[in-house]
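**Student:** One structure, pasted below without further comment.
Number of protein chains: 2
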Amino acid sequence: MSITPAVNRRILLAAHPQGLPRPADFRLDTQPVPTPAEGQVLLRTLYLSLDPYMRNLMDEIGPGYAPPIPLGAPVVGGTVNRVVASRHSRFQEGALVLGNAGWQDYALSDGSDLTPLGEMAQPSLALGGLGMPGFTAYVGLLDIGQPRPGETVVVGAATGAVGAVVGQLARLKGARAVGIASGPDKCRYAVETLGFDACLDRHNPHWAEDLAAACPDGIDVYFESVGGEVLDAVLPLLNSGARIPLCGFIAHYNERTTAGPDRLPRLLATLLPKRVRLQGFVVFDHYAERFEAFRRDMTTWVQAGDLTLREDMVHGLEAAPEAFIGLLQGRNFGKLVVRVAGD
Amino acid sequence: MSITPAVNRRILLAAHPQGLPRPADFRLDTQPVPTPAEGQVLLRTLYLSLDPYMRNLMDEIGPGYAPPIPLGAPVVGGTVNRVVASRHSRFQEGALVLGNAGWQDYALSDGSDLTPLGEMAQPSLALGGLGMPGFTAYVGLLDIGQPRPGETVVVGAATGAVGAVVGQLARLKGARAVGIASGPDKCRYAVETLGFDACLDRHNPHWAEDLAAACPDGIDVYFESVGGEVLDAVLPLLNSGARIPLCGFIAHYNERTTAGPDRLPRLLATLLPKRVRLQGFVVFDHYAERFEAFRRDMTTWVQAGDLTLREDMVHGLEAAPEAFIGLLQGRNFGKLVVRVAGD
Numbered sequence: 001m002s003i004t005p006a007v008n009r010r011i012l013l014a015a016h017p018q019g020l021p022r023p024a025d026f027r028l029d030t031q032p033v034p035t036p037a038e039g040q041v042l043l044r045t046l047y048l049s050l051d052p053y054m055r056n057l058m059d060e061i062g063p064g065y066a067p068p069i070p071l072g073a074p075v076v077g078g079t080v081n082r083v084v085a086s087r088h089s090r091f092q093e094g095a096l097v098l099g100n101a102g103w104q105d106y107a108l109s110d111g112s113d114l115t116p117l118g119e120m121a122q123p124s125l126a127l128g129g130l131g132m133p134g135f136t137a138y139v140g141l142l143d144i145g146q147p148r149p150g151e152t153v154v155v156g157a158a159t160g161a162v163g164a165v166v167g168q169l170a171r172l173k174g175a176r177a178v179g180i181a182s183g184p185d186k187c188r189y190a191v192e193t194l195g196f197d198a199c200l201d202r203h204n205p206h207w208a209e210d211l212a213a214a215c216p217d218g219i220d221v222y223f224e225s226v227g228g229e230v231l232d233a234v235l236p237l238l239n240s241g242a243r244i245p246l247c248g249f250i251a252h253y254n255e256r257t258t259a260g261p262d263r264l265p266r267l268l269a270t271l272l273p274k275r276v277r278l279q280g281f282v283v284f285d286h287y288a289e290r291f292e293a294f295r296r297d298m299t300t301w302v303q304a305g306d307l308t309l310r311e312d313m314v315h316g317l318e319a320a321p322e323a324f325i326g327l328l329q330g331r332n333f334g335k336l337v338v339r340v341a342g343d
Numbered sequence: 001m002s003i004t005p006a007v008n009r010r011i012l013l014a015a016h017p018q019g020l021p022r023p024a025d026f027r028l029d030t031q032p033v034p035t036p037a038e039g040q041v042l043l044r045t046l047y048l049s050l051d052p053y054m055r056n057l058m059d060e061i062g063p064g065y066a067p068p069i070p071l072g073a074p075v076v077g078g079t080v081n082r083v084v085a086s087r088h089s090r091f092q093e094g095a096l097v098l099g100n101a102g103w104q105d106y107a108l109s110d111g112s113d114l115t116p117l118g119e120m121a122q123p124s125l126a127l128g129g130l131g132m133p134g135f136t137a138y139v140g141l142l143d144i145g146q147p148r149p150g151e152t153v154v155v156g157a158a159t160g161a162v163g164a165v166v167g168q169l170a171r172l173k174g175a176r177a178v179g180i181a182s183g184p185d186k187c188r189y190a191v192e193t194l195g196f197d198a199c200l201d202r203h204n205p206h207w208a209e210d211l212a213a214a215c216p217d218g219i220d221v222y223f224e225s226v227g228g229e230v231l232d233a234v235l236p237l238l239n240s241g242a243r244i245p246l247c248g249f250i251a252h253y254n255e256r257t258t259a260g261p262d263r264l265p266r267l268l269a270t271l272l273p274k275r276v277r278l279q280g281f282v283v284f285d286h287y288a289e290r291f292e293a294f295r296r297d298m299t300t301w302v303q304a305g306d307l308t309l310r311e312d313m314v315h316g317l318e319a320a321p322e323a324f325i326g327l328l329q330g331r332n333f334g335k336l337v338v339r340v341a342g343d
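Protein chains in written order, with the UniProt record's numbering: chain A, 1 to 343; chain B, 1 to 343.
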């Protein structure tokens with residue numbers, strides 16, 4: 001570990017993506033490593049989280065819950081960092097912290113956005129199942145979806161960072177878990193390793209019919225992070241009184257068109273007679289009240305072997321753009337993390 | 001009042017309407033007045049309620065919360081009836097009851113769907129503000145919308161059977177009430193008589209901009225009964241944490257097309273970052289738990305002059321089809337009721 005590094009590599013947003021991002025929308029840049037002022041720490045990024053929400057921050061107009069990334073600025077992102085220099089009384093040099101350093105090797109922080117991680121055997125999990133994506137699953141499923149024993153929970157992207165936790169939490173609460181994923185390997189993993197009751201392969205042209213067959217008692221909770229044709233297939237299967245926690249709609253993030261048909265009337269014509277509750281939520285709202293319970297519960301379940309967390313680790317900061325583009329196409333298998341530096 | 005009437009006029013569903021119903025979709029028919037069997041009563045219809053939901057029951061496939069009307073059967077509808085012959089121990093001849101006789105002069109009932117009305121000065125109100133539409137407003141606004149003092153409540157069809165009560169209840173709860181209605185007369189009435197803080201005229205091409213100006217602090221509760229361009233105008237004005245009780249979407253009831261643009265992605269992209277709760281409900285679910293409180297509260301408010309109920313009364317059963325078609329076009333002004341027979 002060097003405290004006098006040569007350069008800070010940064011991946012900047014070079015252009016607002018039109019639809020699916022292309023590599024040219026990003027630019028690698030090098031800068032001198034910054035020097036912390038009084039009250040600051042210098043962070044070295046060990047792991048960088050790649051998450052679908054970042055796509056929304058790349059548009060010229062932001063999504064509303066976080067500001068858009070300015071052109072020429074580093075792409076934002078949650079990170080696991082080592083404090084490599086400190087002029088801050090609360091953070092010692094060498095401490096491991098959860099931060100928001102973004103797509104770069106080094107960053108400064110005044111400490112206000114840092115969470116000490118202590119010593120973790122696998123600190124990258126703080127970006128996945130034990131961090132924001134796992135917490136999204138926990139709050140969305142348990143607090144908003146509220147599955148009851150014997151009910152059926154459906155989640156898209158069943159092996160992704162959020163979906164895998166949703167399915168496993170549903171099972172832990174006594175509900176049936178039905179997933180949707182891309183390809184037979186992910187589906188097999190969802191059933192055999194994660195314990196889903198069924199998982200439908202979206203590459204199978206009959207997947208929507210298979211979903212109906214896999215939900216003979218209908219759907220009570222649909223954890224919505226996909227939108228598009230998954231939502232289309234779910235709507236006719238919803239039971240009266242169903243709940244839809246809405247944390248994302250990745251199928252629409254790259255859309256540049258709003259070509260018809262208009263799917264809104266069908267949505268309303270489903271939600272009304274079926275008394276469905278569709279509830280948008282942003283996980284950042286819930287940290288103060290629920291994060292402690294989440295970390296305690298999740299740690300217990302992971303240590304007891306009741307919950308499996310899979311990572312899809314790519315290596316090197318320069319791999320981030322391609323990996324992120326793949327994430328938006330469902331090419332990752334598990335929580336996507338970039339290993340930026342050795343610990 | 002005759003107890004040996006000659007004929008029972010019935011208005012039957014002659015065809016499933018294609019889009020907006022036409023007079024030819026209905027057929028007037030006469031039958032002998034039926035004779036009650038043991039355990040039945042014969043009902044004379046005094047007042048017939050016309051409500052938008054009936055349009056949904058005229059399609060070949062029903063909306064899910066109630067069965068579709070078979071071709072050749074009388075159109076369904078809530079009614080105020082006089083019991084003109086009784087072979088039922090609980091109902092005396094001459095009693096005034098709330099029933100579901102539908103679009104006809106007479107009907108039989110086994111009493112299970114009848115509610116005694118006692119003596120009411122204005123029994124038709126049991127079809128409007130003191131009945132199902134008023135109860136829809138009460139449950140939807142108070143239990144689902146939950147307006148807090150100082151918040152802004154928006155409702156379409158502000159002078160209609162439901163909307164007028166929504167606006168007045170919002171004011172009674174200390175919220176601002178902003179309505180949307182068709183034409184300057186209705187808008188003036190909404191503000192001057194019902195006490196709305198503002199009412200926008202949808203015939204004004206600038207109404208959506210005016211809505212934004214009338215909601216300087218955004219919208220906290222949107223009582224959804226319209227859909228279409230009203231929903232479009234409301235979405236960008238919703239505040240974080242807004243609630244949308246969904247009781248109807250009259251703008252889409254007559255749609256035969258789902259031409260684009262696709263408005264679903266924009267809906268999701270609004271509900272998520274704004275943490276909006278969109279909740280479908282069907283008023284029939286809530287009678288057991290809430291109707292008694294509703295009748296007590298509403299009667300108190302009406303008697304105290306805190307709440308005004310306006311009826312749009314048309315005369316004669318044969319006027320029902322045209323009046324109903326006008327209802328779907330927003331031509332009524334107040335709760336639409338057909339006076340079928342003198343009391």
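Yeah, the Cβ is synthetic: ideal placement off N, Cα and C, and Gly gets one too.
1) Would you mind sorting A/Asp51 into buried or exposed? The rule is 16 or more other CB atoms within 10 Å of its CB.
2) Three-state secondary structure (DSSP) at A/Asn81?
3) So, at 6 Å on beta carbons, what are the nonlocal neighbours of A/Gly179 in its own chain, with the 5 sequence-adjacent residues on each side left out?
4) Using the beta-carbon count (16 or more within 10 Å), is A/Asn204 buried or exposed?
5) Is it buried or exposed, B/Gln122, if we count other Cβ atoms within 10 angstroms and call 16 or more buried?
6) For A/Ala181, count neighbouring C-beta atoms within 10 Å of its own C-beta (all shown protein chains included) and say buried if the count is 16 or more, exposed if not.
7) If we define contact as Cβ-Cβ less than 8 Å, is B/Ile250 a contact residue for chain A?
8) Do the segment 261 to 268 of chain B and the segment 245 to 263 of chain A make contact, defined as three or more Cβ pairs closer than 8 Å?
9) Check whether the Cβ of A/Tyr138 lies closer than 8 Å to any Cβ atom in chain B.
10) Does chain A have any CB closer than 8 Å to the CB of B/Asp285?
11) Helix, strand or coil, according to DSSP, for B/Met313 in the structure here?
12) In terms of alpha-carbon separation, which member of B/Val97, B/Gly218, B/Pro116, B/Asn100 lies closest to B/Pro153?
13) Would you tell me roughly how many angstroms separate the C-alpha atoms of B/Leu267 and A/Arg277, rounded to the nearest one?
14) For the putative contact between A/Thr45 and A/Asn100, defined by C-beta atoms under 8 Å, what is the C-beta separation to the nearest angstrom?
15) Using a 10 Å radius around the Cβ and a threshold of 16 neighbouring Cβ atoms, would you call A/Val7 buried or exposed?
16) Between which two residues does the beta strand (DSSP E) holding A/Thr45 run?
17) For the segment 38 to 67 of chain B, which residues have a beta carbon sitting closer than 8 Å to at least one beta carbon of chain A?
18) Within a Cβ cutoff of 8 Å, which residues of the same chain sit near B/Phe333, ignoring the five residues on either side of it in sequence?
19) Please determine, among A/Gln92, A/Ala85, A/Asp29, A/Pro17, the residue with the shortest C-alpha to C-alpha distance to A/Thr35.
20) Below 9 Å on C-beta distance, what does A/Ala259 contact in chain B?
21) What do you reckon, are the CB atoms on A/Asp220 and A/Asn239 nearer than 8 Å?
22) Whose C-alpha, out of A/Gly77, A/Pro321, A/Phe281, A/Gly241, is nearest the C-alpha of A/Ala137?
23) At which residues does the beta strand (DSSP E) containing B/Gln303 begin and terminate?
24) Find the residues of chain B that neighbour A/Arg290, judging by a C-beta separation of less than 9 Å, and give them in chain order.
25) Tell me the DSSP bridge mates of residue 372 of chain A?
26) Which of the three DSSP states is assigned to A/Lys186 in this structure?
27) Am I right that B/Leu314 and B/Val283 are in contact with their C-beta atoms under 8 Å? What's the rounded C-beta distance?
28) Near A/Phe249, what residues of its chain come up, given a Cβ to Cβ distance below 6 Å and the 5 sequence neighbours on each side ignored?
29) Looking only at its chain, what residues have a beta carbon closer than 8 Å to the beta carbon of A/His252, apart from the 5 residues adjacent to it on each side?
30) Locate the beta strand (DSSP E) running through A/Asp29, then write down its first and last residues.
31) Could you pull out every unbroken beta strand (DSSP E) segment of at least 3 residues lying fully inside the segment 125 to 199 of chain A, listed in chain order?
32) How many angstroms separate the CA atom of A/Thr270 from the CA atom of A/Val165?
33) Within 10 angstroms of the Cβ of B/Gly241, are there 16 or more other Cβ atoms? Answer buried if so, exposed if not.
34) What are the complete beta strand (DSSP E) segments, minimum 3 residues, inside the segment 227 to 260 of chain A?
35) Taking B/Phe281 as the query, report the chain A residues whose CB atoms sit under 9 Å from its CB, ordered along the chain.
36) Taking contact to mean at least 3 C-beta pairs separated by less than 8 Å, is the segment 88 to 98 of chain B in contact with the segment 14 to 21 of chain B?
**Tutor:** According to the structure shown:
1) buried
2) Strand at A/Asn81.
3) Excluding five sequence positions before and after A/Gly179, the CB atoms of its chain that fall closer than 6 Å to its own CB belong to Val155, Ala158, Gly167, Ala190, Phe196, Cys199, given in chain order.
4) exposed
5) Flag for B/Gln122 reads exposed.
6) buried
7) No, B/Ile250 lies away from the interface with chain A (no Cβ there is under 8 Å from its Cβ).
8) By the Cβ criterion, the segment 261 to 268 of chain B is in contact with the segment 245 to 263 of chain A, since at least three pairs of Cβ atoms, one from each stretch, lie closer than 8 Å.
9) Answer no: the Cβ-Cβ gap between A/Tyr138 and chain B never drops below 8 Å.
10) yes
11) Here B/Met313 carries a strand assignment [DSSP, helix/strand/coil].
12) At residue 153 of chain B the sequence reads Val, which differs from the Pro that was named. Closest by alpha carbon: B/Gly218.
13) 14 Å
14) Incorrect: roughly 10 Å between the Cβ atoms, too far for contact.
15) With a threshold of 16 other beta carbon atoms within 10 Å, A/Val7 falls short and is exposed.
16) 41 to 49
17) Pro63, Gly64, Tyr65
18) Thr159, Asp185, Lys186, Tyr189, Arg310, Asp312
19) A/Ala85
20) Chain-order list of chain B residues neighbouring A/Ala259: Gly260, Pro261, Asp262, by C-beta distance under 9 Å.
21) Result yes, Cβ atoms of A/Asp220 and A/Asn239 sit closer than 8 Å.
22) Put simply, of A/Gly77, A/Pro321, A/Phe281, A/Gly241 the residue whose alpha carbon is nearest the alpha carbon of A/Ala137 is A/Phe281.
23) That residue, B/Gln303, is in no beta strand (DSSP E); its alpha helix (DSSP H) goes 287 to 303.
24) Those do not exist, as A/Arg290 stays about 15 Å from chain B at its closest Cβ, beyond 9 Å.
25) Beyond the ends of chain A as shown, which are 1 and 343, falls residue 372 of chain A; an answer cannot be given.
26) helix
27) Contrary to the premise, residue 314 of chain B reads as Val rather than Leu in this sequence. Wrong, their Cβ atoms sit about 24 Å apart, outside the cutoff.
28) Gly227
29) Gly227, Gly228
30) 26 to 32
31) 152 to 155, 176 to 181
32) 27 Å
33) exposed
34) 238 to 246
35) Leu272, Arg275
36) No contact exists between the segment 88 to 98 of chain B and the segment 14 to 21 of chain B.
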